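Engineer: Numbering (this note's numbering), first residue to last: 80 to 372.
Next up is a structure, given as C-alpha cells.
Below, the structure written as C-alpha cells:
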C-alpha cells in the first residue's frame, strides 16, 4: 500500500519512508491510499484472536509493501513481550459503562502500546536497510519514557530524548535515565519543554545532521505507526463487548487528537462506533481548531 500527503503535493511513499519521514515534503501528513475497510463478517472473524494476532491481522495491509506477514507477526510478538499478561483490559464500572485500561505496558503509559511496536519496526527496518536509525525527541512527560523503553533492547536504534531539568516527575526521570542501555541518551536541559522542543527542531533543520549516515526520526504522535497501532484497541473493545449487539460510544481524553484520530480511523474501516466524545483540558488547541470559524 502506498501513502499520500494530505496536501496532495508530494509523491507517493512506501510504509518505511512514511515511518522514517514524519511530515511529507509539502508539510502534510501521510495517509494510506485507502483505509482497507472491513465487512461485518471480516470483523466477526477476528473474535477469537489474541491481541498480537489481532494487531497483525488489522495492520498488515498497511505494511505489506515492506514486510511479509510472517515477518510482521514476529515483529508484533517482539513488541508486546514486555507487557503484563494482559496487554490491555476492560473493566465495567457501572451498567453499560466500561473503562479501557491502557497502562499495562512497561512504563505504565498508554503510549507503550504504539511505541513498543514502533521500536520493533525500527529495528527491523534498520537491519533490512543496513542503516542506523536514531529517534530524536523532546518530552515533558511520558513520551520520552515510552520511547526509551521501546528502543532500549534494540541495538540498531539510538534514542536521544531531551527533557526539562526538574520539570518531570521523579518516576519519569528515573525511567529515562536508568535504562542501562548504551543506545539510550537522556539529556536534561536547563529550561522548559519549549526549549527542549526548540533544540530538537533545530537538529531536524540542520542539513549536516540530516545527511549523516544515521537516519534521524521523530516519534511523536504524527508518526503513522502510532496512529494505526492505536486503532487496534478500538476493535479489541468492540469484540469483547460484541454480545451487546450495539454500536459503541467512546469518550476519549485528548491533547492533539492522535488518540481520538485512531478511533475515527477504526470507524472509517467500518467498526460499529456510534460516537466519539473528545474531552480536552487547558491544553485546548484542539478545541480551538474545531471551533474556529
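Glycine residues also receive a C-beta, built at the ideal position from the N, C-alpha and C atoms.
Nothing here was measured: the structure is a model prediction, and the numbers come from that model.
Provide the residue(s) that pair with residue 354 in DSSP beta bridges, ordered along the chain.
Structural biologist: 328
Engineer: Going by the CB atoms, is the gap between residue 184 and residue 236 shorter than 8 Å?
Structural biologist: no
Engineer: With DSSP run on the structure shown, which of helix, strand or coil describes residue 380?
Structural biologist: Limits of the chain in this structure are 80 at one end and 372 at the other, which puts residue 380 out of reach.
Engineer: Comparing alpha-carbon positions, which option in 102, 142, 101, 80 lies nearest residue 308?
Structural biologist: 142
Engineer: How many Å lie between residue 297 and residue 354 at the Cα?
Structural biologist: Near 31 Å, if we compare the C-alpha coordinates of residue 354 and residue 297.
Engineer: Let me know the secondary structure DSSP gives residue 140 once reduced to three states.
Structural biologist: helix
Engineer: So, helix, strand or coil for residue 187, using DSSP?
Structural biologist: coil
Engineer: From residue 123 to residue 320, what does the alpha carbon distance come to, in whole angstroms?
Structural biologist: So the alpha carbons of these two residues sit roughly 12 Å apart.
Engineer: Can you round the beta-carbon distance between residue 84 and residue 107 to whole angstroms, since I take them to be within the 8 Å contact cut?
Structural biologist: 4 Å
Engineer: Write down the C-beta distance between residue 313 and residue 329 rounded to the nearest angstrom, noting that I regard them as a contact closer than 8 Å.
Structural biologist: 7 Å
Engineer: Output the boundary residues of the beta strand (DSSP E) element that contains residue 267.
Structural biologist: 263-268
Engineer: Pick from 104, 96, 99: whose alpha carbon is nearest that of residue 86?
Structural biologist: 104
Engineer: Only counting the same chain, and skipping five residues up and downstream in sequence, which positions put a Cβ closer than 8 Å to that of residue 293?
Structural biologist: 210, 211, 212, 213, 237
Engineer: Rounded to a whole number of angstroms, what is the C-alpha to C-alpha distance between residue 359 and residue 126?
Structural biologist: 32 Å
Engineer: When you compare the stretch 240-253 with the stretch 215-222, are there three or more beta-carbon pairs, one atom per stretch, that lie closer than 8 Å?
Structural biologist: Three or more Cβ pairs drawn from the stretch 240-253 and the stretch 215-222 lie within less than 8 Å of each other, which places the two stretches in contact.
Engineer: Are the stretch 218-225 and the stretch 177-191 touching by the rule of at least three beta carbon pairs closer than 8 Å?
Structural biologist: yes
Engineer: Compare the C-beta of residue 125 with all C-beta atoms of chain C and state if any pair is closer than 8 Å.
Structural biologist: Looking for chain C here will not work: only one protein chain is present.
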